[in-house]
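Colleague: So that we are looking at the same thing, I have put the structure below in structure tokens.
Number of protein chains: 4
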Amino acid sequence: MVVEKIKAVFIEEPQFDAPVMVEGLPGVGNVGKLAAEHLLDQLEATKFADIYSSYFPPQVVVDDDGVIKLVNNELYYSKADGKHPDLIILVGDYQGLTPEGQYELSDHIMQLCRGWGVKTIYTLGGYGIGKMVEQPRVLGAATSKEVVEAMKAKGVVFSKGEPGSGIVGASGLLLGMSKIYGMDAVCLMGETSGYFVDPKGAEAVLRILADILGVTIDFTDLVSKAEQIDLITSKLKEIEAPVEPKREDLGYIG
Amino acid sequence: MVVEKIKAVFIEEPQFDAPVMVEGLPGVGNVGKLAAEHLLDQLEATKFADIYSSYFPPQVVVDDDGVIKLVNNELYYSKADGKHPDLIILVGDYQGLTPEGQYELSDHIMQLCRGWGVKTIYTLGGYGIGKMVEQPRVLGAATSKEVVEAMKAKGVVFSKGEPGSGIVGASGLLLGMSKIYGMDAVCLMGETSGYFVDPKGAEAVLRILADILGVTIDFTDLVSKAEQIDLITSKLKEIEAPVEPKREDLGYIG
Amino acid sequence: MVVEKIKAVFIEEPQFDAPVMVEGLPGVGNVGKLAAEHLLDQLEATKFADIYSSYFPPQVVVDDDGVIKLVNNELYYSKADGKHPDLIILVGDYQGLTPEGQYELSDHIMQLCRGWGVKTIYTLGGYGIGKMVEQPRVLGAATSKEVVEAMKAKGVVFSKGEPGSGIVGASGLLLGMSKIYGMDAVCLMGETSGYFVDPKGAEAVLRILADILGVTIDFTDLVSKAEQIDLITSKLKEIEAPVEPKREDLGYIG
Amino acid sequence: MVVEKIKAVFIEEPQFDAPVMVEGLPGVGNVGKLAAEHLLDQLEATKFADIYSSYFPPQVVVDDDGVIKLVNNELYYSKADGKHPDLIILVGDYQGLTPEGQYELSDHIMQLCRGWGVKTIYTLGGYGIGKMVEQPRVLGAATSKEVVEAMKAKGVVFSKGEPGSGIVGASGLLLGMSKIYGMDAVCLMGETSGYFVDPKGAEAVLRILADILGVTIDFTDLVSKAEQIDLITSKLKEIEAPVEPKREDLGYIG
Chain A
4 MVVEKIKAVF
14 IEEPQFDAPV
24 MVEGLPGVGN
34 VGKLAAEHLL
44 DQLEATKFAD
54 IYSSYFPPQV
64 VVDDDGVIKL
74 VNNELYYSKA
84 DGKHPDLIIL
94 VGDYQGLTPE
104 GQYELSDHIM
114 QLCRGWGVKT
124 IYTLGGYGIG
134 KMVEQPRVLG
144 AATSKEVVEA
154 MKAKGVVFSK
164 GEPGSGIVGA
174 SGLLLGMSKI
184 YGMDAVCLMG
194 ETSGYFVDPK
204 GAEAVLRILA
214 DILGVTIDFT
224 DLVSKAEQID
234 LITSKLKEIE
244 APVEPKREDL
254 GYIG
Chain B
4 MVVEKIKAVF
14 IEEPQFDAPV
24 MVEGLPGVGN
34 VGKLAAEHLL
44 DQLEATKFAD
54 IYSSYFPPQV
64 VVDDDGVIKL
74 VNNELYYSKA
84 DGKHPDLIIL
94 VGDYQGLTPE
104 GQYELSDHIM
114 QLCRGWGVKT
124 IYTLGGYGIG
134 KMVEQPRVLG
144 AATSKEVVEA
154 MKAKGVVFSK
164 GEPGSGIVGA
174 SGLLLGMSKI
184 YGMDAVCLMG
194 ETSGYFVDPK
204 GAEAVLRILA
214 DILGVTIDFT
224 DLVSKAEQID
234 LITSKLKEIE
244 APVEPKREDL
254 GYIG
Chain C
4 MVVEKIKAVF
14 IEEPQFDAPV
24 MVEGLPGVGN
34 VGKLAAEHLL
44 DQLEATKFAD
54 IYSSYFPPQV
64 VVDDDGVIKL
74 VNNELYYSKA
84 DGKHPDLIIL
94 VGDYQGLTPE
104 GQYELSDHIM
114 QLCRGWGVKT
124 IYTLGGYGIG
134 KMVEQPRVLG
144 AATSKEVVEA
154 MKAKGVVFSK
164 GEPGSGIVGA
174 SGLLLGMSKI
184 YGMDAVCLMG
194 ETSGYFVDPK
204 GAEAVLRILA
214 DILGVTIDFT
224 DLVSKAEQID
234 LITSKLKEIE
244 APVEPKREDL
254 GYIG
Chain D
4 MVVEKIKAVF
14 IEEPQFDAPV
24 MVEGLPGVGN
34 VGKLAAEHLL
44 DQLEATKFAD
54 IYSSYFPPQV
64 VVDDDGVIKL
74 VNNELYYSKA
84 DGKHPDLIIL
94 VGDYQGLTPE
104 GQYELSDHIM
114 QLCRGWGVKT
124 IYTLGGYGIG
134 KMVEQPRVLG
144 AATSKEVVEA
154 MKAKGVVFSK
164 GEPGSGIVGA
174 SGLLLGMSKI
184 YGMDAVCLMG
194 ETSGYFVDPK
204 GAEAVLRILA
214 DILGVTIDFT
224 DLVSKAEQID
234 LITSKLKEIE
244 APVEPKREDL
254 GYIG
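Chains as they are written, first to last, in my numbering: chain A, 4 to 257; chain B, 4 to 257; chain C, 4 to 257; chain D, 4 to 257.
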């Protein structure tokens, strides 16, 4: 069964009406993962598929009861409620370990998206800037000038030369493939130091995405997580002398 | 012949009645390998298959007579004797060199297991804790809460957050795939420093496994090996000042 | 679609009459890339295909408007004008990340070339010599003695033992495969320090190639880029003490 | 054409009568390569096939005339002359870059061998011992006790625990696969420091092999190369203080 390099195991096979896909996998500051997971919690979204792959680490994770799970990516949905459209949310423990694995995993998702009639994809990530940031901006990149303009109207920042090194990983590939497949796609990148898991960056990304999608979000949990991180980092500041961040650690990985 | 990436060469094709599979491949402290090899010695188990793979190192091993053998994994069996069920034991020189190789090798084993009607899989390994341990505990992880409870009754320790980083390698993958294939599986991890080949950890694991399986084991050889290792390490302690173990060296690799 | 490891997407499918292929992908001093890109600018060549591959980095690049593009190689053509023959030019962001990827990408190009009836291939690159060079020579390597003689007559230098370590990457593979496929091919390597993007090396290569192909080139832009680089490097010389180049950094990568 | 991962291009397709295969690819001290190349020079053997592979480096080599060749392995033959049997000799620039590549290349050779009715394979290599050696022994490893005994009678040394780490690469894999395919095979390993290309080790290996095969060899060229190396190394000794060799650099790679 798992002998294919990528295997989607469906718990149910929902029908969608012009759905929107949101991706939030691990990356810089785990901004995308935090945002997507908070979104699916708030929507009380339903898991409908597990994606296993030999491109992920050969590993199981163990829960608090001692019960294991093969590492995977997971697909959730939340049906349209009159305010927001049908939503499909992709989250997971890992991205593919190799470039080839990342291409094949993203292409697998794209083919599922095409089958469901997905029209727009939002990929979420962090944009590492190497220093603490009080009011993180949300930077964007998109598949066409029309989408760029629409995103600017929503407060997304498009800044020449940012991110200079492009967008690496699933957040980039889903964007690049969407363009080839003829779908609209946007990457939303929350500014983050890149040193910590960053709920503040996730909040910034999700505020804009919620507005775009027509979703109402309670940010209490994310804000509280952000305050905990702030507390830890301010204590660290007292203890340690500031260290100059290494430039190469801060590249954007979506 | 060997051009397939994985090739099982059968010496005989035994029939099994609801067999139990035990895996013990190289890993932390070689705990799993030592335990499985001692089990098959004690059972005078019969080798029935060699597994070759281009995922193993491109290497032959040379025996004391100068005769070579391509590196491999090996399958042994011991038929039910009224006390223990039909047993299949997987041992070997190496695990797959790449994540993809590890997935494909484990999936190959799983498909063989399904063909034989295997109901339960025990994977054996070490749990590196970075310091010498007098009375190693045996930690567990399993495919369901029911199996966790059954193992607790046998003295297996399920401790929240241990192993925190999950279970990597064959011991993890066979567990994860068992859950997907609908089989019961348990990983038994003997505590070990992680610095030496550890017969004491192997003994701890095998005492519990022997009780579960209904096998009678003479531990003399393992105990004697453990005493040799103790002797060496106590001499080393006299010579060397204690060194703080690096945390990252101690991750569990099953 | 992109699920194949290499996928050429054609914008149009031009017919060619005994065309000549010119390759200039990233490499030492980006000499080949600069030369090929300047050639296609001067010819106002037409893009007719994008080549995507899972052997490239899993990445999109973002333009100044915030619009993305999956990293790729690109094919341009310029039809015969009475002076030069039908020309096909291969440029791109990256070469394949792995040896296997490099072989498969080059073989893909070779098969396209065969379909188009390509008779001769020119691969362009830099030859790193580890020091600044005022008047870069253009070294060559070719598929036969006849082609070597023809190139000598055009001013290409064939120097015993240079490049000693062979020619690595697309510039080498296209040459090696041409020989097997029965096509003529030449690698033109402009001397370069190997420390900077080097428009001077590119100019030297392109002057010879333009003469061979019968193309008229305005070198103003390349000369001006070279002057900028000269300015930067002479300033660097004032600031920094000279550093002995590491020998291993200077291998030829085509 | 080259799109297969391994492609043998035949110049002619000779018929063989119970041929013997000799392999000498790059490895420790290049002992095996030097021995096999000297053998084919002395036999004035005929090249009959080129083996290309995407498992080799993506590279061409350039000869003194400036003419290139894609890196490859090559097959030569020398027909039986009443003294020696039909001989097939495998030499080359490189071994496969990855474990998987090494397995697939060796399996490709084994399948060719089976087609030709090869009964015995001799793989040649060096055995790195980390110090200069005056009278190199030739160590052996073989597919069966019978072959071990036959080789002992020819002066091959079989020494318990040597080589302790097994035999890695083509020399090992061809041996291991021969055993599975039911052919006899021997690895002959000439002792060598492992620090230099070692014609002395090659001579030792070839003297024994020539005796086994019934081939008359003039060793003048190898002896003269060995004297040059001796000269260089004795000069180096005068200049440099002796350096303790790193143990891990000396593993056997066949």
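From the three backbone atoms N, C-alpha and C, an ideal C-beta is built for every residue, glycine too.
Under a CB-based cut-off of 8 Å, is Val65 of chain A close to chain B?
Modeller: Translated into positions along the first sequence, residue 65 of chain A becomes position 62. Interface residue (Cβ-Cβ distance to chain B less than 8 Å): Val65 of chain A is classified as such.
Colleague: Based on the DSSP output, what are the partners of Gly129 of chain B in its beta bridges?
Modeller: As a working mapping, residue 129 of chain B is identified with position 126 in the second sequence. Looking at the DSSP assignment, Gly129 of chain B forms a beta bridge with B:Gly193.
Colleague: Which residues in chain D sit within 8 Å of Phe161 of chain C, going by Cβ to Cβ distance?
Modeller: Position 158 of the third sequence, counting from 1, holds the residue named residue 161 of chain C. Asp68, Gly69, listed in chain order.
Colleague: For a contact meaning CB atoms closer than 7 Å, what does Ser57 of chain B contact in chain D?
Modeller: Walking along the second sequence from the start, residue 57 of chain B turns up at place 54. Correct list: Pro102, Glu103, Tyr106, Glu107.
Colleague: Does the stretch 124-139 of chain A come into contact with the stretch 66-77 of chain A, if we say contact requires no fewer than three beta-carbon pairs (one atom in each stretch) closer than 8 Å?
Modeller: no
Colleague: Closest Cβ-Cβ distance between Pro166 of chain B and chain A: below 8 Å?
Modeller: Position 163 of the second sequence holds residue 166 of chain B. Closer than 8 Å: yes.
Colleague: Among C:Val200, C:Ser147, C:Leu127, whose alpha-carbon lies nearest the alpha-carbon of Arg210 of chain C?
Modeller: For this step, residue 210 of chain C is matched to residue 207 along the third sequence. Of all alpha-carbon atoms in C:Val200, C:Ser147, C:Leu127, the one lying nearest the alpha-carbon of Arg210 of chain C is that of C:Leu127.
Colleague: For Ile124 of chain B, which option in B:Pro102, B:Glu152, B:Tyr184, B:Gly99 has the closest C-alpha, if you only look at C-alpha atoms?
Modeller: On the second sequence, residue 124 of chain B is found 121 positions in, with the first residue counted as 1. Out of B:Pro102, B:Glu152, B:Tyr184, B:Gly99, B:Tyr184 has the C-alpha closest to the C-alpha of Ile124 of chain B.
Colleague: Could you say which of A:Pro202, A:Leu108, A:Val160 lies nearest to Gln231 of chain A if we only look at CA atoms?
Modeller: The residue given as residue 231 of chain A occupies position 228 in the first sequence. Comparing Cα-Cα distances from Gln231 of chain A to each of A:Pro202, A:Leu108, A:Val160, the minimum goes to A:Pro202.
Colleague: With distance defined between alpha-carbon atoms, name the residue in A:Gly129, A:Met24, A:Leu46, A:Phe161 nearest to Phe259 of chain A.
Modeller: For chain A, the structure presents residues 4 to 257; residue 259 of chain A sits outside this window and is missing.
Colleague: Below 8 Å between beta carbons: does that hold for Ile92 of chain D and Ala52 of chain D?
Modeller: Taking the fourth sequence and counting its residues from 1, one reaches residue 92 of chain D at position 89. Taking the fourth sequence and counting its residues from 1, one reaches residue 52 of chain D at position 49. Not a contact, by the Cβ cut-off of 8 Å.
Colleague: Please check if any C-beta of chain A sits within less than 8 Å of the C-beta of Pro60 of chain B.
Modeller: Along the second sequence, one-based indexing puts residue 60 of chain B at 57. Answer no: the Cβ-Cβ gap between Pro60 of chain B and chain A never drops below 8 Å.
Colleague: Which of the three DSSP states, helix, strand or coil, is assigned to Met135 of chain B?
Modeller: If you number the second sequence from 1, residue 135 of chain B lands on position 132. In the structure shown, Met135 of chain B sits in coil (DSSP, three-state: anything other than H, G, I, E or B).
Colleague: Just confirm the distance between the C-beta atoms of Val171 of chain B and Pro61 of chain A, as a whole number of angstroms; I'd bet it's less than 8 Å.
Modeller: Taking the second sequence and counting its residues from 1, one reaches residue 171 of chain B at position 168. Taking the first sequence and counting its residues from 1, one reaches residue 61 of chain A at position 58. 6 Å between Cβ atoms; contact.
Colleague: Taking 8 Å as the cut-off, decide whether the C-beta atoms of Pro22 of chain B and Gly120 of chain B are in contact.
Modeller: Start at 1 with the first residue of the second sequence, and residue 22 of chain B comes out as number 19. Start at 1 with the first residue of the second sequence, and residue 120 of chain B comes out as number 117. In contact: Pro22 of chain B and Gly120 of chain B (Cβ atoms closer than 8 Å).
Colleague: Identify every run of the beta strand (DSSP E) within the stretch 31-72 of chain D, keeping only runs that are complete inside it and at least 3 residues long; order them along the chain.
Modeller: With a minimum length of 3 residues, the continuous beta strand (DSSP E) runs that stay inside the stretch 31-72 of chain D are 49-56, 62-65.
Colleague: Is any heavy atom in the ligand GTP found nearer than 7 Å to the beta carbon of Tyr198 of chain D?
Modeller: With respect to the ligand GTP, the structure shown offers nothing to examine, as it has no ligands at all.
Colleague: Please classify Tyr198 of chain A: does DSSP put it in a helix, a strand, or coil?
Modeller: In the first sequence, residue 198 of chain A corresponds to position 195, counting from 1. Coil.
Colleague: Pick from C:Glu47, C:Ile54, C:Leu178: whose alpha carbon is nearest that of Asp221 of chain C?
Modeller: Working through the third sequence from its first residue, we reach residue 221 of chain C at position 218. Cα-wise, what sits closest to Asp221 of chain C is C:Glu47.
Colleague: Check this for me: beta carbons of Ile9 of chain D and Glu107 of chain D, under 8 Å apart or not?
Modeller: By one-based count along the fourth sequence, residue 9 of chain D stands at place 6. By one-based count along the fourth sequence, residue 107 of chain D stands at place 104. Yes; because the gap between Cβ atoms is below 8 Å, this pair is in contact.
Colleague: Report the three-state DSSP secondary structure of Thr219 of chain B (helix, strand or coil).
Modeller: Counting from one through the second sequence, the residue named residue 219 of chain B turns up at place 216. Coil at Thr219 of chain B, not helix or strand.
Colleague: So, are the CB atoms of Gly169 of chain A and Val63 of chain C less than 8 Å apart?
Modeller: Residue numbering aside, residue 169 of chain A sits at position 166 when the first sequence is read from its first letter. Residue numbering aside, residue 63 of chain C sits at position 60 when the third sequence is read from its first letter. It is a contact, given that the beta carbons lie within the stated cut-off.
Colleague: Thinking C-alpha only, which one of C:Leu73, C:Glu7, C:Ala213, C:Phe19 is nearest Leu115 of chain C?
Modeller: Residue 115 of chain C sits at position 112 when you count from the first residue of the third sequence. Ranking the options by Cα distance to Leu115 of chain C, first place goes to C:Phe19.
Colleague: According to DSSP, simplified to helix, strand and coil, what is Thr101 of chain C?
Modeller: As a working note, residue 101 of chain C is residue 98 in the third sequence. Coil at Thr101 of chain C, not helix or strand.
Colleague: Taking the beta strand (DSSP E) that Lys148 of chain A belongs to, which residues open and close that run?
Modeller: Residue mapping note: residue 148 of chain A aligns to position 145 of the first sequence, counting from 1. Counting along the chain, Lys148 of chain A falls outside any beta strand (DSSP E), though it belongs to the alpha helix (DSSP H) covering 148-155.
Colleague: Would you report the Cα separation of Val160 of chain B and Leu142 of chain B, rounded to the nearest angstrom?
Modeller: Taking the first residue of the second sequence as 1, we reach residue 160 of chain B at position 157. Taking the first residue of the second sequence as 1, we reach residue 142 of chain B at position 139. Going by the C-alpha atoms only, they are around 5 Å apart.
Colleague: So, is the C-beta of Ala144 of chain C closer than 8 Å to a C-beta in chain D?
Modeller: Position 141 of the third sequence holds residue 144 of chain C. Yes, its Cβ sits closer than 8 Å to a Cβ of chain D.
Colleague: In angstroms, rounded to a whole number, what distance separates the CA positions of Leu216 of chain C and Pro88 of chain C?
Modeller: Numbered from 1 along the third sequence, position 213 holds the residue referred to as residue 216 of chain C. Numbered from 1 along the third sequence, position 85 holds the residue referred to as residue 88 of chain C. Rounded to the nearest angstrom, the two C-alpha atoms are 7 Å apart.
Colleague: Just curious, the beta strand (DSSP E) that Met24 of chain C is in, first and last residue?
Modeller: Position 21 of the third sequence, counted from the first residue, corresponds to residue 24 of chain C. From DSSP, the beta strand (DSSP E) with Met24 of chain C extends over 23-27.
Colleague: Mind checking if Leu239 of chain C is an interface residue toward chain A, Cβ cutoff 8 Å exclusive?
Modeller: Indexing the third sequence from 1 puts residue 239 of chain C at position 236. No - not a single Cβ of chain A is within 8 Å of the one on Leu239 of chain C.
Colleague: What are the residues of the stretch 191-206 of chain D that lie near chain C, defined by any Cβ-Cβ distance shorter than 7 Å?
Modeller: none
Colleague: Got a sec? Which residues, its chain only, sit under 7 Å from Thr223 of chain B by beta carbon, not counting five neighbours each side?
Modeller: Your numbering for residue 223 of chain B matches position 220 in the second sequence. Once the five neighbours on either side are set aside, Thr223 of chain B has no close Cβ partner at all.
Colleague: Return the chain-ordered list of same chain residues with a C-beta closer than 7 Å to the C-beta of Ala205 of chain A, the five sequence neighbours on each side being excluded.
Modeller: To locate residue 205 of chain A, count along the first sequence from 1; it is residue 202. Once the five neighbours on either side are set aside, the close Cβ partners of Ala205 of chain A are Val34, Leu37, Ala38, His41, Gly193, Leu225.
Colleague: Under 8 Å between C-beta atoms, does Gly172 of chain A make it to chain C?
Modeller: Here the question's residue 172 of chain A lines up with position 169 in the first sequence. So yes, Gly172 of chain A belongs to the interface.
Colleague: Quick one, which of B:Lys240, B:Ser162, B:Leu100, B:Asn75 has its alpha-carbon nearest Val94 of chain B's?
Modeller: The count along the second sequence starts at 1 and reaches residue 94 of chain B at position 91. It is B:Asn75.
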